[in-house]
Amino acid sequence: MRNLLPFISSHPGGRSALTCRFRCGDACFKETPNNSDNEYAGDIIAGAVSRRSMMRAAAVVTVATAAGTAALTGPSAPQAEAAALAGHGHRPGHPHEPARSGARGLRFSPVAPNKDDKVTIPDGYAQNVVIRWGDPILRGAPAFDPDKQTAKAQAGQFGYNNDFLSLLPLRGERGRQVMVANHEYTDELLMFRGYDPANPTREQVEIAWAAHGLSVVVVQEENRTGKLGPVNRHPLNRRLTATSEFRVTGPAAGSPLLRTSADRTGRKVLGTLNNCGGGTTPWGTTLHGEENFNQYFANGNTDMHKRYGIGTGASERKWERFDRRFDLAKEPNEANRFGWVVELDPYDPDSTPRKRTALGRFKHEAAEPRLTSDGRPVVYMGDDEKFDYLYKFVSSKRMKKGNSRAAREHNLTLLDEGTLYVAKLTGDSPVTEIDGTGKLPVDGEFDGSGVWIPLATGTTSHVPGMTADEVYVYTRLAGDKVGATKMDRPEDVEPSPRTGRVYVALTNNSDRGKEGKPGADEANPRNGNKHGQILELAENWDDPAGDGFAWRLFLVAGDPEDPSTYYAGFPKENVSPISCPDNVAFDAHGNLWISTDGNKLGSHDGLFGVATHGDRRGELKQFLTVPTGAETCGPVIQDRRVLVAVQHPGEVDGASVENPASVWPDGPGRIVRPSVVAVWRKDGRDIGV
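Our numbering applies: residue 5 is where the sequence shown begins, and numbers increase by one.
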């Protein structure tokens, strides 16, 4: 048996200290914000009924009251369980097969783990850099010059550290699509020569403000290849930055908790910050999650500031020196205006993006919608913090089909009215079988049932002791009060367009099981969890508006040689090693594509595809790796093209503009630049078939 793959970093999840510093304000090294004493899944299981009965109950039970009385309807329990999570059992091992065999959509030669300073792709595939940080996209914006940066120039150029990507159709313009990108954060050490972290200049700060936010840019496909490139100065091209105007909408709009000296209405915010993952709606808009917004604010002085990870001293970037709104001693409510899901209409360059308060305020990794059978949107969301929660929002309005003005105006109100829920998961195995090592329980799977606990509907709070405004603005506290399950950093949450099952990327949690911290439970079965897992959730009766679900762990990440790993029962000798799942997306075949953040297995981060159904369920292959110091973001999986956002290349401890750790994408002597990359098959055929 080969040795287990080596660890390469002492930092959580394999990130460099530089990434921890600039991306999330060293969140992993600070006190965990969630110190609530609400029960977690391991506590709940002790009084549970026998294993499997809970799983069956989740498939057929509708919780009728807060006291837990239930009505049992529908098919027999075994039939319902089979319908809810069918085809998930163990299978006989598959013999070794050629690299290009496998699940449809995954028939490519897997990329081996590596530490090469490039984007490594399978044999038979080609790639190009679509757009780089600083490339001009607006009329009048100059070409990028790292030594002549200005805030005005950056406001017309592609922003820094691209993350979430969306590609939308563009009618009437053949070969063109609208690309929307998040720009999560800036790393000034890799942006400016001679940067002094203790004394940034106003110009550097204003450039950073302009490098945050969102980009909308039309891209053109090259004939006979999959290459994409930006259409500069297209009328739809747009930049939203840390100083652009955003509207606050929904039930908390105008709340006293959102008012400041500059905005006494509580309805207008300047900027969007730390946009991480996102989503694309069926009505043609994009959703953008504001994640680690806490790090931009100084002088936090309340328990609520602490619950959201806001420190008591100066901020890393010292923005409070140049704008009082980042100093909470002067503007205590300004931080409450961040941590929302932003909705953008990329087809209307004159529209004002909206922060949707009905979806709650926390560290949003992403927001991915699906529709109920009667056309109401349901949005799934994760709060990317150790021991925080999984949420969903169910709209009370139905989507109108078509592209008429009336339909678009109606659909732009869908996310303002509905009910916000938080998840509570219960395992179906005895506590004694969950020992923190990742060893499977006797029934062979980590699985169980769950309920969605309502937090607020419109102006009505369902949380004792909290008003509706408080639920929306302090959503984490609402989750604490109702006893939501503490998870291992829930990040991207994606419903399958083929099956309706929902997949939750739980990236890692090195604090699980530490003294004074929650120990392992069936949904989070490893103490000191370095590699993360992916949870699969099936709503009762496949009704996304329902209040109950069945769940099981689809993948427990890590080295396949490690006995604590699990690949949906697929033979582990036939899968690629994976660590720290982050963003996820689906292809047309129903395969789940997983990008990683902080690989702890001695390789650079990458993009992986895994079959979610059929007799090859759990077959996982690595499609690409990214350069030194980079994280894989995005991704977008089209029939003939894969897009990834290569974020923070060269972000390695000790790196700077003068001392680069990477020469990607333009080679030696050029500044390292976060960029978007397209990959396609050289023969022009569909990916992985």
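Where a beta carbon is used, it is the ideal one built from N, C-alpha and C, also for glycine.
Under DSSP, the beta-bridge partners assigned to residue 465 are 460.
Taking the Cβ atoms as the reference, residue 633 lies roughly 6 Å from residue 665, within the contact range of under 8 Å. In the DSSP assignment, residue 347 falls within the beta strand (DSSP E) that extends over 345-348. Contact between the stretch 351-365 and the stretch 250-259 is present: three or more C-beta pairs spanning the two stretches fall below 8 Å.
Scanning the stretch 577-654 from its first residue to its last, the whole beta strand (DSSP E) runs of 3-plus residues come out as 585-590, 596-600, 610-614, 624-629, 635-641 and 646-651. When the alpha-carbon of residue 139 is set against those of 335, 153 and 343, the nearest one is in 153. With at least 16 other beta carbons inside 10 angstroms of its own, residue 235 counts as buried. Burial of residue 489 is indicated by the presence of at least 16 other C-beta atoms within 10 angstroms of its C-beta.
652 is the residue among 652, 667 and 674 whose C-alpha sits nearest the C-alpha of residue 20. When rounded, the separation of the alpha-carbon atoms in residue 164 and residue 568 is 37 Å. Closest by C-alpha distance to residue 169, out of 294, 150, 470 and 641, is 641. Its Cα nearest to that of residue 133, the residue 682 stands out among 682, 159 and 301. Just measuring C-alpha positions, the residue of 405, 479 and 399 sitting nearest residue 427 is 479. DSSP, read as helix, strand or coil, puts residue 291 in strand. Between residue 626 and residue 583, the gap from beta carbon to beta carbon reaches 7 Å or more.
In the same chain as residue 146, and ignoring 5 residues on each side of it, the C-beta atoms closer than 7 Å to its own belong to 140 and 157, in chain order. If only uninterrupted beta strand (DSSP E) runs of at least 3 residues are considered, those enclosed by the stretch 341-403 are 345-348, 358-360, 372-375, 381-386, 390-392 and 394-399. Where residue 486 is concerned, the enclosing alpha helix (DSSP H) starts and stops at 479-486. Each of 591, 425, 350 and 614 was checked against the Cα of residue 218, and the nearest Cα belongs to 350. The three-state secondary structure of residue 337, taken from DSSP, is coil.
Residue 315 and residue 150 have their alpha carbons spaced roughly 32 Å apart. With contacts defined as CB atoms closer than 7 Å, residue 611 and residue 639 qualify as a contacting pair.
Fewer than three beta-carbon pairs drawn from the stretch 240-249 and the stretch 328-341 are found closer than 8 Å, and the two stretches are therefore not classed as touching.
Apart from the 5 residues on each side of it in sequence, residue 197 sits with its Cβ closer than 6 Å to the Cβ of 661 in its chain, given in chain order.
The stretch 514-532 makes no contact with the stretch 542-549; the number of CB pairs closer than 8 Å stays below 3. Fewer than three beta-carbon pairs drawn from the stretch 274-287 and the stretch 391-402 are found closer than 8 Å, and the two stretches are therefore not classed as touching. Across the structure, residue 586 and residue 195 are spaced so that their CA atoms are roughly 25 Å apart. Contact annotation, residue 574 with residue 621: C-beta distance approximately 7 Å; criterion of less than 8 Å satisfied. Residue 553 sits in a strand when the DSSP states are folded into three classes.
Rounded to whole angstroms, the gap between the alpha carbons of residue 301 and residue 462 is 29 Å. For the pair residue 514 and residue 532, the CB atoms are nearer than the 7 Å cut-off.
Taking 8 Å as the upper bound for CB-CB distance, residue 292 and residue 240 are not in contact here, some 17 Å apart.
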